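S.K.:
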Amino acid sequence: MPAHTLTPVIVLDRVSFAWADGTVALADVSGSFGTGRTGLVGRNGSGKSTLLRLIAGGLTPSAGHIARTADAAYLPQRLTLDVDRPVADLLGVGDTLRALRAIESGDPDPRHFDAVGSDWDIEARAHAALAEAGLAPDMLDRSVGQLSGGEAVLTAIAGIRLRSPEIALLDEPTNNLDRDARARLYDMVRSWRGALVVVSHDTALLELMDDTAELYANELSVFGGPYSQWRAWLDAEQGAARDAERAARQAVKREKRQRIEAETTISRRAAMGQKAFDEKRVPKIVANGRRMAAQVSAGKLRGEKADREASAREALDVAERRVRDDDIVKIDLPDPGVPAGRRIATLGDGERSWVIQGPERVALIGPNGTGKTTLLERLVGSGSTNSSDSGGLGAPSRLGEQPDGFLRSSARGALHTDRVGYLPQRVDGLDDAASVLENVVPSAPGVTIVELRNRLARFLIRGAAVERPVGTLSGGERFRVALARLMLADPPPQLLVFDEPTNNLDLDTVDQLVDAIAAYRGAVLVVSHDDAFLERIGVSLVLELDRDGTLTER
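Mapping of the sequence shown onto this note's numbering: position 156 corresponds to residue 143, and the numbering continues sequentially without gaps.
1. Quick test of the definition: if touching needs 3 or more C-beta pairs under 8 Å, does the segment 191 to 199 touch the segment 224 to 236?
2. Would you call Lys35 buried or exposed, if buried means 16 or more other Cβ atoms sit within 10 Å of its Cβ?
3. Among Ser151, Trp341, Gly9, which one has its Cα closest to the Cα of Leu78?
4. Ser527 and Gly32 - do their beta-carbons sit closer together than 7 Å?
5. Quick check: the Cα distance between Asp82 and His99, rounded to an integer number of angstroms?
6. Can you tell me which of Gly51, Ile343, Ala123 puts its alpha carbon nearest to the alpha carbon of Arg145?
7. Residues bridged to Ala182 by DSSP?
8. Could you check whether the segment 126 to 136 touches the segment 339 to 348, counting it as contact only if at least three pairs of C-beta atoms, one from each stretch, sit closer than 8 Å?
9. Considering only the alpha carbon of each residue, which of Val209, Asp158, Val484 lies closest to Ala350?
10. Given this structure, state the Cα-to-Cα distance separating Arg472 from Asp322, to the nearest angstrom.
11. Our contact map puts Thr22 next to Val(-4) with C-beta atoms below 8 Å; I'd like the distance itself, whole angstroms only.
12. I'd like to know if the segment 147 to 165 and the segment 173 to 183 are in contact, where contact means that at least 3 CB-CB pairs between them fall below 8 Å.
13. For a quick check, are the C-beta atoms of Val423 and Ile448 less than 7 Å apart?
14. Glu201 and Val28 look like a contact to me (Cβ under 8 Å); what is the Cβ gap, rounded to whole Å?
15. What are the start and end residues of the beta strand (DSSP E) that includes Tyr203?
16. Starting from Arg330 and walking both ways along the beta strand (DSSP E), at which residues does that stretch end?
17. His403 lies in the beta strand (DSSP E); which residues open and close that run?
18. Please name the residue or residues paired with Ala5 in a DSSP beta bridge.
19. Please state if the CB of Ala120 and the CB of Arg171 are separated by a distance shorter than 7 Å.
20. Ala115 to Arg24, Cα distance in whole Å?
21. I'd like to check one pair, Glu531 with Gly353: are the Cβ atoms closer than 7 Å?
22. How do the segment 324 to 331 and the segment 487 to 501 stand: do at least 3 beta-carbon pairs fall below 8 Å, yes or no?
23. Could you check the C-alpha separation between Lys240 and Ile247 for me, to the nearest Å?
24. Kindly indicate which residue of Asp101, Ala249, Arg55, Gly536 has the alpha-carbon position closest to the one of Val184.
25. Report buried or exposed for Asp94, applying the criterion of at least 16 other Cβ atoms within 10 angstroms of its Cβ.
26. Would His52 be called buried (16 or more neighbouring beta carbons within 10 Å of its own) or exposed?
27. Just to confirm, are Ala86 and Ala102 a CB contact at a threshold of 7 Å?
28. With respect to the alpha helix (DSSP H) encompassing Arg440, which residues constitute its N-terminal and C-terminal limits?
29. Between the Cα of Val70 and the Cα atoms of Gly9, Pro48, Ser135, which residue gives the shortest distance?
30. Let me check understanding here. Comparing Cα to Cα, which of Gly212, Asp486, Asp96 lies closest to Ala469?
31. For Gly450, which three-state DSSP category applies?
32. Around the C-beta of Gln237, are 16 or more other C-beta atoms found within 10 angstroms, so that it is buried, or is it exposed?
This is the structure in structure tokens:
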């Protein structure tokens, strides 16, 4: 692997971490991150998010030591769940801004002047940071709950940029970002000052990195180059490793065959010697001498052959360890038995409407803040209706959490089936305090615990992991639990509704989800900014939700 030569700003020395229930998340991880931009990759559950929290200081290692050259600014993966947080605090300027406004209102308290320090232009700088992220200045006075998920993420990143930390840690920053927002984030990253470590499954973002670090089987390795170069190196290395494994396996077979052949020769010679002794064709003293010499020769030959076979097996063991044998999620969505002409749902905006029927794949796209998630919630919360009239499309749901512009939106949805499976963007329908098993059991009351464990194992949730509290899981692991609940529904859903399903999923799991959706015989409605994903699942209808609440077919 190409060497990592940048000056280290973060050094990990045999770092381990275990959750309160004893589950080991990281064990003896050592390595370093340099002064440039580093993309941190790895499979779901490998410990990437935990590692960032440890580096940021939000968690304390169970063992080992972490050294930083400076404090680290940290963007958590599930930032948008804190809906009551003021946007000014999300920017990191809330205390300073409140102190400044108190001074401007005539309050002479010295604590306000201490809080402001030299940042008298903080409001102007905050507005500039929001503008860089494509956000309006009036967002400074909003709460996070009034922002879309993507707007909240961009606001937090703008705040980190505003503070100009020496070290910044971003966990899945492109989650929930629309196409324009992602482009703005990419521009920010290109001009980023200071050390930056980014956990992401966004290959476009990973291409902007100077280095690529991988956390695999508690080993942290750093490659000098962006994701595509690392991927090409890994593929080539694994190809060579598999070739070496095949050659080593053949060598073991060859040495084993030669050892067996040697044993056959030794046995044949011993039989011939014994026959000559029995027939007294040679003097007894000569026969005994030959027998002893033969035994010495046989012992030497056996030793040589055994040593060669042992060496070959050792070489095979080394070769096998180089080859990755990663488990993959096995997603088998049930057959809901939906006829081609079966009406499943209707989407409309008061002027036009579209009927989803049969095993159709429909994508809902649009900029952040237009209310795509709210439209899904309205649809799912509307309940089943047999109405074919587009004028009675659905009822509002949780509108207080959405931008004011969508409150007046005419976009609505109506269900024509009560068999709906919904995976929300935030995967917040799980009980964080309950175990994985406790979250899944209610969805499958007729399934035994043993069978539930077997089914969860197909999602790589095995053994003691099924007893872990859901709140300790990574984003990808939470998604797999939610998807497992969906699979166990009886009868199976006729409509699957996904809101940004590729968030937090490693690339291998995305592949499995694509295959599962391709084989699913029900209808699919999905919100996603991932064009490649939409193309792969065979979307036949794309509806764009505009900021004025109208739907347009693309």
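Backbone N, C-alpha and C define an ideal beta-carbon position, used for all residues, glycine too.
Predicted, not measured: the structure shown is a model, and the values here were computed from it.
M.R.: On the basis of the data shown:
1. no
2. buried
3. Ser151
4. no
5. 9 Å
6. Note that residue 145 is Ala in the sequence shown, not Arg. Checked all of Gly51, Ile343, Ala123; the closest Cα to Ala145 is Ala123.
7. Ile154
8. no
9. Val484
10. 15 Å
11. 6 Å
12. yes
13. yes
14. 5 Å
15. 198 to 203
16. 330 to 335
17. First-last for His403: undefined, no H or E at that position.
18. Val11
19. yes
20. 24 Å
21. yes
22. no
23. 11 Å
24. Arg55
25. exposed
26. exposed
27. yes
28. 436 to 444
29. Ser135
30. Asp486
31. helix
32. exposed
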